[in-house]
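Read the structure below first, then the notes.
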């Protein structure tokens, strides 16, 4: 490749999406990825739903999340056209359930917020509705009878590994180059403008750079004297296998989310994922812990005791890029021309990542960006 138009740092869901969108737009695109152990994209079980309790993060977040969810179906179709049909994305619906008394108030608040959002979302009221306990159990047989249940028939699950692989494959199809190289520093001119990156192998020059370094992004902020308070938040997630005797095929089972910060996501071949811990202050300590295992299993069995006889297959560990206010960092870096920040998505990377990558690519070509991006500017951390 001759000198690229844009360099993307990081090959998780955000960086892979940015590489795909840039290459698809005809840009000479180079993605550099050091494949860190514990990347959140590889560990997570993505959930795309309007019923997210994350609405408490504000209207800008809710609007951005809604648009990001709508971005998935056309993206998946475009990836298939580029020969990448195995994306790990499937609409399966989601049950939002209150299992115990302490969850009833959050459940009611979520239902009220949903009713308000329906008026502006374009969805039909019958697509998001309260259902009975027995109806909920029919949709997810291992479930204990809930005190309240809301059904989102349009929610989807995303396998982060497969989606990132599909995005990278499609990026290459459109002419991108992807290299396994560790970026040491972002290079700048004397006036502070970004001019490329330095790796262990070479120096790469480019007119624009997109930083999508996930939980490892803060180290670049330190280099640039840029406030980038992103820290790894460890998440442990258990994979369970149901026997053929105890369960029918699980690929059509919905996602289940209660109100204590955990979830259940079902996949083909009778696999159910139970997650996830949210452990700040761990750094990149990539260990399965007794406490983490106990937490995810305890919560899974509280919600769905019918999983008690499942086989424990594995525990995956990922490091979410977490910010102090739980909002992502998206937008051009102040004081550092030609650098776009696309990181800090916390537990929502697989939901928001592909759409964030699209915004990064639009920035490179000078196209209009989503109007909500100002709420996610790193400027909010400047004192």
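In the working numbering, the protein residues as written are 366 to 748. Cβ coordinates follow ideal geometry from the N, Cα and C atoms, glycine included.
Of the other Cβ atoms in all chains shown, 16 or more fall within 10 Å of the Cβ of residue 460; this residue is therefore buried.
Among the bridge pairs identified by DSSP, residue 460 is matched with 516 and 621.
Residue pairing from DSSP places residue 632 in a beta bridge opposite 636. Nearest Cα to residue 496 within the set 486, 387 and 511: 511.
Rounded to whole angstroms, the separation of the alpha carbons of residue 637 and residue 674 is 12 Å. Assigned with DSSP and collapsed to three states, residue 652 falls in coil, not helix or strand. Contact between residue 621 and residue 462 holds: their C-beta atoms lie close to 6 Å from each other, under 8 Å. For the options 400, 699, 705 and 373, the alpha carbon positioned closest to that of residue 556 is the one of 699. With fewer than three CB-CB distances shorter than 8 Å, the region 666 to 686 does not count as touching the region 539 to 557.
Under DSSP, residue 574 forms a beta bridge with 372 and 704.
For residue 584, the enclosing alpha helix (DSSP H) has its first and last residue at 583 to 588. Residue 596 holds the alpha-carbon nearest to the alpha-carbon of residue 647 among 590, 596 and 745. If you draw a straight line from the Cα of residue 724 to the Cα of residue 538, it comes to about 20 Å.
The DSSP assignment places complete alpha helix (DSSP H) segments of no fewer than 4 residues inside the region 433 to 503 at 469 to 486, in order along the chain.
The three-state secondary structure of residue 691, taken from DSSP, is coil. Looking at 383, 744 and 441, the one whose alpha-carbon comes closest to that of residue 527 is 441. The DSSP-derived three-state label of residue 747 is coil.
The shortest CA-to-CA distance from residue 381 to any of 671, 568 and 577 is the one to 577. Boundaries of the beta strand (DSSP E) harbouring residue 397: 394 to 397, taken from the DSSP string. In the DSSP assignment, residue 614 falls outside any alpha helix (DSSP H) and carries neither an H nor an E. Each of 567, 726, 694 and 434 was checked against the Cα of residue 740, and the nearest Cα belongs to 694. Residue 745 and residue 402 have their C-alpha atoms spaced approximately 30 Å apart. Here residue 748 is exposed: its Cβ has fewer than 16 other Cβ atoms, across all protein chains shown, within 10 Å. For residue 544, the pairing in a beta bridge is given by DSSP as 397. With a contact defined as Cβ atoms closer than 8 Å, residue 531 and residue 449 qualify at about 4 Å. Residues 378, 406, 407, 409, 411 and 715 of the same chain have their beta carbon placed closer than 7 Å to that of residue 525, with the five preceding and five following residues left out of the count. In terms of CA proximity to residue 466, 513 leads the group 513, 504 and 486. Comparing C-alpha distances from residue 457 to each of 437, 632 and 609 shows the shortest one belongs to 632.
Under the three-pair Cβ rule at 8 Å, the region 420 to 430 does not count as touching the region 568 to 587. With respect to the 7 Å criterion, residue 729 and residue 706 are not classified as neighbours on the basis of their beta carbons.
Within the same chain, and ignoring the five residues on either side of residue 689 in sequence, the residues whose Cβ sits closer than 7 Å to its Cβ are 594.
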